[in-house]
Each structure stands twice: as structure tokens, then as C-alpha cells.
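Visitor: Before I ask anything, here is the structure I am working with.
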Amino acid sequence: MKVPSQPTEPDAGDDGPEDRLRRFVTIWSRTVFPATATSMTRQEFERHLLPPARELCAALHARPFDTAPAHRVGQALVAAHCTDPDALARSLGVVDAYLVLYCAPAQPDALPAEELRSRCSRLQHAMAAGYAQALRERTLAEQESIAHSALAAQSAAEKALHATESRFRAVFDGAAIGIGIADLEGTILEVNETLTRMFGGLEHAVLRHNIAEWSHPEDGPHVWRLYDELVRGERDHYRVEKPYYRADGTVLWTNLTVSLLRDAAGVPQYQLALMEDTTERRLLNLRLRYEATHDALTGLPNRTLFFERLEKALGPGEASRFGLCYLDLDGFKVINDSLGHSTGDRLLVEVADRLQSCVAAPGEMIARLGGDEFVALTTGPGTERQVAELADRMLTALAAPISVDGRDLTVRGSVGIVEGPAGERTPAEVLRSADITMYRAKSAGGNRFEYADDEADARAITRHGLTTALPAALERGEFFIEYQPLVHLGDGSVHGAEALVRWCHPQHGVLGPDRFIPLAENTGLIVPLGRWVLQESVRQARFWQDEAPGGGKATRPLRINVNLSPTQLHHPGLVAETVDVLERSGLEPGALCLEVTESALIGADDDLLKPLRQLAEMGVDIALDDFGTGYSNLANLRRLPVSVLKLDRSFTQGMQQHPVDPVDIKIVEGIVQLAHSLELAVTVEGVETSAQAEQLRQLGCDTAQGWYYARPGAPDRIRSLVLADAI
Numbered sequence: 038m039k040v041p042s043q044p045t046e047p048d049a050g051d052d053g054p055e056d057r058l059r060r061f062v063t064i065w066s067r068t069v070f071p072a073t074a075t076s077m078t079r080q081e082f083e084r085h086l087l088p089p090a091r092e093l094c095a096a097l098h099a100r101p102f103d104t105a106p107a108h109r110v111g112q113a114l115v116a117a118h119c120t121d122p123d124a125l126a127r128s129l130g131v132v133d134a135y136l137v138l139y140c141a142p143a144q145p146d147a148l149p150a151e152e153l154r155s156r157c158s159r160l161q162h163a164m165a166a167g168y169a170q171a172l173r174e175r176t177l178a179e180q181e182s183i184a185h186s187a188l189a190a191q192s193a194a195e196k197a198l199h200a201t202e203s204r205f206r207a208v209f210d211g212a213a214i215g216i217g218i219a220d221l222e223g224t225i226l227e228v229n230e231t232l233t234r235m236f237g238g239l240e241h242a243v244l245r246h247n248i249a250e251w252s253h254p255e256d257g258p259h260v261w262r263l264y265d266e267l268v269r270g271e272r273d274h275y276r277v278e279k280p281y282y283r284a285d286g287t288v289l290w291t292n293l294t295v296s297l298l299r300d301a302a303g304v305p306q307y308q309l310a311l312m313e314d315t316t317e318r319r320l321l322n323l324r325l326r327y328e329a330t331h332d333a334l335t336g337l338p339n340r341t342l343f344f345e346r347l348e349k350a351l352g353p354g355e356a357s358r359f360g361l362c363y364l365d366l367d368g369f370k371v372i373n374d375s376l377g378h379s380t381g382d383r384l385l386v387e388v389a390d391r392l393q394s395c396v397a398a399p400g401e402m403i404a405r406l407g408g409d410e411f412v413a414l415t416t417g418p419g420t421e422r423q424v425a426e427l428a429d430r431m432l433t434a435l436a437a438p439i440s441v442d443g444r445d446l447t448v449r450g451s452v453g454i455v456e457g458p459a460g461e462r463t464p465a466e467v468l469r470s471a472d473i474t475m476y477r478a479k480s481a482g483g484n485r486f487e488y489a490d491d492e493a494d495a496r497a498i499t500r501h502g503l504t505t506a507l508p509a510a511l512e513r514g515e516f517f518i519e520y521q522p523l524v525h526l527g528d529g530s531v532h533g534a535e536a537l538v539r540w541c542h543p544q545h546g547v548l549g550p551d552r553f554i555p556l557a558e559n560t561g562l563i564v565p566l567g568r569w570v571l572q573e574s575v576r577q578a579r580f581w582q583d584e585a586p587g588g589g590k591a592t593r594p595l596r597i598n599v600n601l602s603p604t605q606l607h608h609p610g611l612v613a614e615t616v617d618v619l620e621r622s623g624l625e626p627g628a629l630c631l632e633v634t635e636s637a638l639i640g641a642d643d644d645l646l647k648p649l650r651q652l653a654e655m656g657v658d659i660a661l662d663d664f665g666t667g668y669s670n671l672a673n674l675r676r677l678p679v680s681v682l683k684l685d686r687s688f689t690q691g692m693q694q695h696p697v698d699p700v701d702i703k704i705v706e707g708i709v710q711l712a713h714s715l716e717l718a719v720t721v722e723g724v725e726t727s728a729q730a731e732q733l734r735q736l737g738c739d740t741a742q743g744w745y746y747a748r749p750g751a752p753d754r755i756r757s758l759v760l761a762d763a764i
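In terms of this note's numbering, the sequence shown is numbered consecutively and its last residue is 764.
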């Protein structure tokens, strides 16, 4: 039977409740009237359906909810001669499609749509029960009438009885859902063909059997409690999802609705069961659930399922403690990039199989979070010991090479362990701590596991926060520059200044470069940040020059030293940007010194040195910073385009003591002589005492910087020092 998918009248929300109700009745009458045996016209039949429709509408919103009106509506359909096999099905279809649509009020206290749909479904079942009961009672009444009728009317009565029985049988046998009738003892008396097919097509496997035989291990206790209440007459119906065993041992899943049939006096007589086969739907849902919670490549539980299990493990009353191992493969990206993703996928499948074999104990599971990241969980009272054993088993499982496409590939893993009592942290917090700890194990060389540490986690979280805040900080102007003077050891005059960038963080205060320069290097932000530092420093140097005695025409302009990071050295626009900054400011190239760390130039090829040579040829000084810490070959100094050596403070710290270690003096003296023989100036860092400064002057060092002269400060401090020298 086909019910229109949408009403042909205007939208149900345009008029009042009475108009919507009448539209519902119009649709009902038009759908059912062709299947009736009534003598009424369609308009009369429509008016006849109006009271039952009011009852259904009222029952839909009644508080408390009661299905008795729907039961009466089903009986009224039989009374109106709607006994054609299709009449009930059409009526149920109309109620299912349009009752909630046309009878749902728009008041603030209206029931939720889900509750209305549930009620509508229960009303349909009550209508079906009332309809079936009325048909049976009508048949019985007709049989009794025939027995007491005169012999002259016997033939006509038999014909009427036959017609009624035929109509009932047509509805019963032709229904698309399984229908069964049982007595109050549970013995099955009648079943339709649909129900027989649902149980394997064998009628003897169903008929005359007792309902109690069809218990199933997955039956909840409420199922049989509801059944007992129904046969005692304490409830009129119930609806559950229930599985049954078929004769061949397979399982039939159903949506089961059981209604109680009473006689005219209200005494319980029979049970009416309506069964909808949901086996295929359930299997599909299980399959979709599996696909949604398992990794398609390895078959392991995925992030979704693992989080569900972790959330349960961390919840109250589940386990006293938990242990989590977060594993990331070492060097997997190299395999992917060199051998291809197909090889990488096959490698991951083998890794997953090996890791799966490590979690055989109760309360343990392994999952793939994505990429080459796996996570294992163990729960119970002994996780302090178990989690370490689990991590060791995981690393041992990866020790043997894995053969893929004829190649033996060696993979290792880094594991971060989080262990502790349940109920103290959320799943997200636990996984974040494990992730941070895993990277700590990877930084320590890999192929090992580390335990989570709250202080290390806090530092890592702070680093992450600084990393994400760096781009916006540059845009908001949160960086500023302090300048530390470079003093000429010969006459004590200010020779120049080194530009040192600082970050005025809104939460953490002023941060030194050691806190954020490595982060800027890793993210690539060091290039725009370094460009800004260069622009500001050169602009400030030009300002100092203009303010100097003589109006910027001094014989020795103040030099500005700016640090270059390794990433900036590889940036293709280094030379062009430096030239542009100098030209815009008007500062002579000789007043700029770019400092490059010794470690950045160890093993540098000609391509890397080319931009530095171009800058040196323009007149820009290049200083080799932190000299002595990179263990570079001293002979390489001849090929580097540097003009200044900045001696690391580790060589001069011993000179703060008295007496000075003669070995320290010899080392510094040798470096100074070597530098001067190569026509390189020598700058010393970390000068903190007058004795140290004097010793370095005697050894021939050219310039120095340190707290003995001045701490890094605002640019005005440099200007005042320069003016003091000029007096």
C-alpha cells in the first residue's frame, strides 16, 4: 500500500490545530475509502473518521500516555466495515506518516519529536491489536448469531461468516510483518506465513511450541519481567528488541511488540505478537560499527575505540590503576619517502601483527592512532610492573628485521609511558602526557621507553604554547631589542653593540632568546623574525650615527652586530634583503657585522658560503660566533669569509679566578695570535671583572663585551655611553 510521501495541501504549520486535524482526516479518508465495504459516501466517511482522529491526536499528547483510545480506533475501523485486507495497513501507514506531522503542537512544553514518534508507534500497535480483537469478536458474535438464527437465515449468515473469516485471514496471512497468537500459558496457536519464513520456513518449529522455549542468552531480565506482567493482565503491551534461535542454530533478531487481547468483559484471552525481522539491519550496524572503530589497514582498534576504552578505564569503579604505552616508530618517514607508501603500509601491517601479540593478558589492548603511532593499554592493580613489561615486549617485538618485498627492514620504536591511579586525569590529558614523553624518549636516541614526568610535561606544554603564539606575537609587536655594548680593549671606548632580541610575552613576561629562538628555528618563523631584527637594529645604528658628535661624520661609525641563524643562512633572499635594509637606512655596510655560530659553518660547502662571501665583498663584517665550541679544523678559517672571531666565554671563565691558570692563558694567547696572523679581529664574550678585562687586553684581544661593561639594555643606554666616550 502506498501512502503519499507528502501532503498535497498547504504546509501543516500555516493554520490552527483544527485545520491541521481536518487535513489529516482528509488524507486518511482518501487513502482508506477505496478499501472499505461501507455504504457511506467518501464525504460521509470522512466525517465518520473525524472523532477517531480526535482520539488519536489527544492520545498522542496525553499525560500520562495511554494507548486505549488507539485500541478503540482499531475497533471502530471494523465497526465502520473497514475490513478489507488492505484497510488496516493503509490506516497504519497514514498514522505513521502524518499523525505527528499534523497533530504536533508548537507549544514550548510540547513533547520532543523522538517521544512523539515513539508514542505514534505504540498507538499503531494498539490500533492493530484493537482491529484484530474486533475482527475476532465480530466473527465469534456472528457465529453465535448464526447458532440462534432461524433456519431460514442460516445460509445468509454462513456466507457473512465466511466473508468475515476471509477478510481476517487475508489481513493475518498477507501482513508484511510476522504475526503470532498464543494463549496465556504461552502456547503458540496461530502464526502467519511471514513469521514462519522468519523462523526458517518450518511451521512445526513454531506452532504448538511454548514461548518460554525461545529464551536467549542476550535476553535482558526486563524482557521476561514484561512478559509476566502482560500475561497477568498488569499491562496491555510491551515492545523490546529480542533475539531467537532458529532450528538451524542461527540467530533471528526482531523488534517484538506483544499486545494482550481481552474479551468483551475485559478478561485476558490471548497474546498477539508482531515481529519485525531486524537481523540484516543489525548485522549492517555491527559492520558499520566495526569499520568506524577499527583501522582499515591493520585491523587494530582505532583512535575512536581506544578513547572509549581509555575513558572507561579511567572512570570510577573500573580499575584501580592503569598503564599506557605510546609508541612511535623511529625513522619510519625515511622508509616511506625512500621506498614508497605501499612498502610503508606493508611494514605497518607487520608491525601491527607483532604488537598485537604483545597484549594477550586480560585488560590489555593495542590500537593504531594513525600513521606510525600505536598505543597500548593495561589495567588492574599491578600496572606499575605490567606497563614496563608491556613496553619491553613491544620494543623486543620490533627488534628482528621485517622482510618486505625481499628487503630486510629494521625498525625501532620510542615509547612514552603514563601510569597511575584511575579517575585523576581525562583521556586527553593522559594521551597528551604519553605523547610528550614519547618524544622525550625519541630525543634521547630512540629504541627505549621513558616514564612521564609532570615537570617535563609542563615544560613541553609551555614550549608548545610559545610555538603556537610566535606568529601572532610578531604581528602584534611583542618583540623588542636590547643592546649590549662592544668595548675596545685598547682605549675602553664603545666600539659597537650586539642586538639581542627579547619577547615580552603577555603571560610569561620577558623571555630571552634561548626560550624562543630554537622554536622559531623549528617552525621557520626565524626568517621573518630575523628580518625584523635586522631592520630594527640597522635603523637604530643609523640613528646612533646621526646623533653622534659631528652629525654622523665620525671617523669610526658605531658598529651593530646582528645574529644570523642556520636557517637564515640557507634562505635564498639573505643577500638581497640585507642590501635592501642597508640601502633604505643609509647605513654603510662596514657598520654592520653579521654573527654566525661556528657550528653552523662546520663542513659548509661553497654554496652555503657564497652568500656570506657576497656580503663580505660588499664590506659587511662576518663574525664567527662561539668560536671554540664547534671543534672545527683551525685550517678551515682560511676558507671562511670571516673577519672577526668571537671567543666563547668558556675559554675566559678561568681568568676570573686568581691566580689565573697558565694553561688558559696559553690557549687564548694561541688563538689570538692565530687570528691576527689571518688578519682577523678577536672579540671576547662574558667579561665580568676588571682583572679579566686587563688580562685579555694584555693578550691582544681587540674588543670585549660582558656584564663588567654593561648588561643588555635599551638603545638610549648605548647612546649615553657613546656620548660619554666623546667627552
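Ideal Cβ positions, reconstructed from N, Cα and C, are used throughout, including at glycine.
Please return the same chain residues whose Cβ sits closer than 7 Å to the Cβ of Ser66, not counting the five positions on each side in sequence.
Guide: Translated into the one-based positions of the sequence shown, residue 66 becomes position 29. Taken in chain order, the residues that qualify are Arg79, Phe82, Glu83 and Leu86.
Visitor: Quick check on the burial criterion: 16 or more other C-beta atoms within 10 angstroms. Buried or exposed for Leu160?
Guide: Residue numbering aside, residue 160 sits at position 123 when the sequence shown is read from its first letter. Burial call: buried.
Visitor: So is Glu151 buried or exposed if we call it buried at 16+ other beta carbons inside 10 Å?
Guide: As a first step, residue 151 must be located in the sequence shown, where it is residue number 114. Exposed: under 16 other Cβ atoms inside 10 Å.
Visitor: For Ala95, which option in Pro71, Asp123, Tyr139 and Ile64 has the closest C-alpha, if you only look at C-alpha atoms?
Guide: In the sequence shown, residue 95 corresponds to position 58, counting from 1. Answer by Cα proximity: Tyr139.
Visitor: Helix or strand or just coil, what does DSSP make of Cys541?
Guide: For the purposes of this step, residue 541 is taken as the residue at position 504 of the sequence shown. If DSSP states are grouped into helix, strand and coil, Cys541 belongs with the strands.
Visitor: Pick out whichever of Glu328, Gly237, Leu321 and Glu271 has its Cα sitting closest to the Cα of Gly286.
Guide: By one-based count along the sequence shown, residue 286 stands at place 249. For the residues Glu328, Gly237, Leu321 and Glu271, the minimum Cα distance to Gly286 belongs to Gly237.
Visitor: Using the Cβ count rule (16 or more neighbours within 10 Å means buried), how would you classify Ser375?
Guide: What you label residue 375 is simply residue 338 of the sequence shown in a count that begins at 1. It counts as exposed.
Visitor: Which complete alpha helix (DSSP H) runs does the segment 299-380 hold, if anything under 4 residues is left out?
Guide: Fully enclosed alpha helix (DSSP H) runs of 4 or longer: 316-330, 340-351 and 369-376.
Visitor: Just the C-alpha distance for Ala578 and Thr615, rounded to the nearest angstrom, thanks.
Guide: Taking the first residue of the sequence shown as 1, we reach residue 578 at position 541. Taking the first residue of the sequence shown as 1, we reach residue 615 at position 578. One C-alpha to the other measures close to 14 Å.
Visitor: By DSSP's criteria, Phe688 is part of a beta bridge. Which residues make up the other side?
Guide: As a first step, residue 688 is located in the sequence shown; it is residue number 651 there, counting from the start. According to DSSP, which records beta bridges pairwise, Phe688 is partnered with nothing at all.
Visitor: Can you tell me which of the three DSSP states Thr75 falls into?
Guide: Translated into positions along the sequence shown, residue 75 becomes position 38. Coil, per DSSP.
Visitor: Counting only the same chain and skipping the five closest in sequence on each side, list residues whose C-beta sits under 7 Å from that of Leu611.
Guide: The count along the sequence shown starts at 1 and reaches residue 611 at position 574. Hits under 7 Å: Gln605 and Pro648.
Visitor: Under a three-way DSSP split, which group does Gly533 fall into?
Guide: Taking the sequence shown and counting its residues from 1, one reaches residue 533 at position 496. Strand at Gly533.
Visitor: In terms of residues, what are the limits of the alpha helix (DSSP H) holding His607?
Guide: On the sequence shown, position 570 is the one that residue 607 refers to. Where His607 is concerned, the enclosing alpha helix (DSSP H) stretches over Pro603 to His607.
Visitor: Closest to Val531 by C-alpha separation, out of Ser757, Ile248, Phe102 and Pro149, would be which residue?
Guide: Position 494 of the sequence shown holds residue 531. When each option's Cα is compared against that of Val531, the closest is Ser757.
Visitor: For Ala718, which beta-bridge partners are listed by DSSP?
Guide: Numbered from 1 along the sequence shown, position 681 holds the residue referred to as residue 718. DSSP output for Ala718 lists Val681 as bridge partner(s).
Visitor: Compute the Euclidean distance between the alpha carbons of Thr380 and Pro438, then round it to the nearest angstrom.
Guide: For the purposes of this step, residue 380 is identified with residue 343 of the sequence shown, where counting begins at 1. For the purposes of this step, residue 438 is identified with residue 401 of the sequence shown, where counting begins at 1. Each residue's alpha carbon lies about 14 Å from the other.
Visitor: Can you grab the Cα-Cα spacing for the pair Ile755 / Gln521, in whole Å?
Guide: To locate residue 755, count along the sequence shown from 1; it is residue 718. To locate residue 521, count along the sequence shown from 1; it is residue 484. Between Ile755 and Gln521, the C-alpha separation is close to 8 Å.
Visitor: So, helix, strand or coil for Ile439, using DSSP?
Guide: To locate residue 439, count along the sequence shown from 1; it is residue 402. Note: Ile439 maps to strand in three-state DSSP.
Visitor: Where Ala527 and Glu725 are concerned, what is the direct C-alpha to C-alpha distance, given to the nearest angstrom?
Guide: As a first step, residue 527 is located in the sequence shown; it is residue number 490 there, counting from the start. As a first step, residue 725 is located in the sequence shown; it is residue number 688 there, counting from the start. Looking at the sequence shown, residue 527 is not Ala but Gly. When rounded, the distance between both Cα atoms is 17 Å.
Visitor: Roughly how many angstroms lie between the CA atoms of Pro752 and Arg430, to the nearest whole one?
Guide: Translated into the one-based positions of the sequence shown, residue 752 becomes position 715. Translated into the one-based positions of the sequence shown, residue 430 becomes position 393. Each residue's Cα considered, the two are about 60 Å apart.
Visitor: Taking all protein chains shown into account, decide if Glu115 is buried (16 or more other Cβ within 10 angstroms of its Cβ) or exposed.
Guide: The residue you call residue 115 lines up with position 78 of the sequence shown. Going by the sequence as given, residue 115 is Val instead of Glu. It counts as buried.
Visitor: Near Arg576, which residues of its chain fall below 8 Å by C-beta distance, leaving aside the five closest residues on each side in sequence?
Guide: What you label residue 576 is simply residue 539 of the sequence shown in a count that begins at 1. Closer than 8 Å at Cβ, skipping near neighbours: Ser622.
Visitor: Could you tell me which of Glu519, Leu364, Ala425 and Ala397 sits nearest to Val448, measuring between CA atoms?
Guide: Here residue 448 refers to the residue found at position 411 when the sequence shown is read from its first residue. Residue Leu364 is the option with its Cα nearest to Val448.
Visitor: Between Leu427, Glu487, Thr233 and Leu446, which lies nearest to Trp452 when the distance is taken from Cα to Cα?
Guide: Along the sequence shown, one-based indexing puts residue 452 at 415. According to the sequence displayed, residue 452 carries Val and not Trp. Out of Leu427, Glu487, Thr233 and Leu446, Glu487 has the C-alpha closest to the C-alpha of Val452.
Visitor: What are the partner residues of Leu289, as DSSP defines its beta bridges?
Guide: Counting from one through the sequence shown, the residue named residue 289 turns up at place 252. Per DSSP, Tyr281.
Visitor: In whole angstroms, what separates the C-alpha of Ala193 from that of Ala74?
Guide: Along the sequence shown, read from residue 1 onward, the residue named residue 193 stands at position 156. Along the sequence shown, read from residue 1 onward, the residue named residue 74 stands at position 37. Note that Ala193 scores 47 on pLDDT, short of 50, meaning its location in the model is unreliable; the coordinates nonetheless yield the value given after this. Rounded to the nearest angstrom, the two C-alpha atoms are 17 Å apart.
Visitor: Is Ala628 closer than 7 Å to Arg596 when the C-beta atoms are compared?
Guide: If you number the sequence shown from 1, residue 596 lands on position 559. If you number the sequence shown from 1, residue 628 lands on position 591. Against a cut-off of 7 Å, the Cβ pair of Ala628 and Arg596 comes out as a contact.
Visitor: Quick one: measure Cβ to Cβ for Leu298 and Tyr307, integer angstroms, because I've assumed they're closer than 8 Å.
Guide: The residue given as residue 298 occupies position 261 in the sequence shown. The residue given as residue 307 occupies position 270 in the sequence shown. So it is a contact: roughly 4 Å between Cβ atoms.
Visitor: Whose CA, out of Cys157, Leu631 and Gln572, lies closest to the CA of Asp617?
Guide: Residue 617 sits at position 580 when you count from the first residue of the sequence shown. That would be Gln572, whose Cα lies nearest to the Cα of Asp617.
Visitor: Since Phe664 is in the beta strand (DSSP E), which residue starts that stretch and which ends it?
Guide: Along the sequence shown, read from residue 1 onward, the residue named residue 664 stands at position 627. Counting along the chain, the beta strand (DSSP E) containing Phe664 begins and ends at Asp658 to Phe664.
Visitor: Should Ala189 be labelled buried (16 or more other beta-carbon atoms within 10 Å of its own) or exposed?
Guide: Numbered from 1 along the sequence shown, position 152 holds the residue referred to as residue 189. Confidence is the limiting factor: at Ala189 the pLDDT is only 41, short of 50, which leaves the residue's position unreliable and the question unanswerable from this model.
Visitor: What's the gap between the Cα of Leu323 and the Cα of Pro550?
Guide: Taking the sequence shown and counting its residues from 1, one reaches residue 323 at position 286. Taking the sequence shown and counting its residues from 1, one reaches residue 550 at position 513. Approximately 55 Å between the Cα atoms of the pair.
Visitor: Which residues does DSSP pair with Met768 in a beta bridge?
Guide: Summary: the structure shown does not reach residue 768, with the chain confined to residues 38 through 764, and so no result is reported for it.
Visitor: Around the C-beta of Val709, are 16 or more other C-beta atoms found within 10 angstroms, so that it is buried, or is it exposed?
Guide: One-based indexing of the sequence shown puts residue 709 at position 672. Buried.
Visitor: Please tell me whether Asp663 and Asp644 are closer than 7 Å, where the distance is taken between their beta carbons.
Guide: On the sequence shown, residue 663 is found 626 positions in, with the first residue counted as 1. On the sequence shown, residue 644 is found 607 positions in, with the first residue counted as 1. Not in contact: Asp663 and Asp644 (Cβ atoms no closer than 7 Å).
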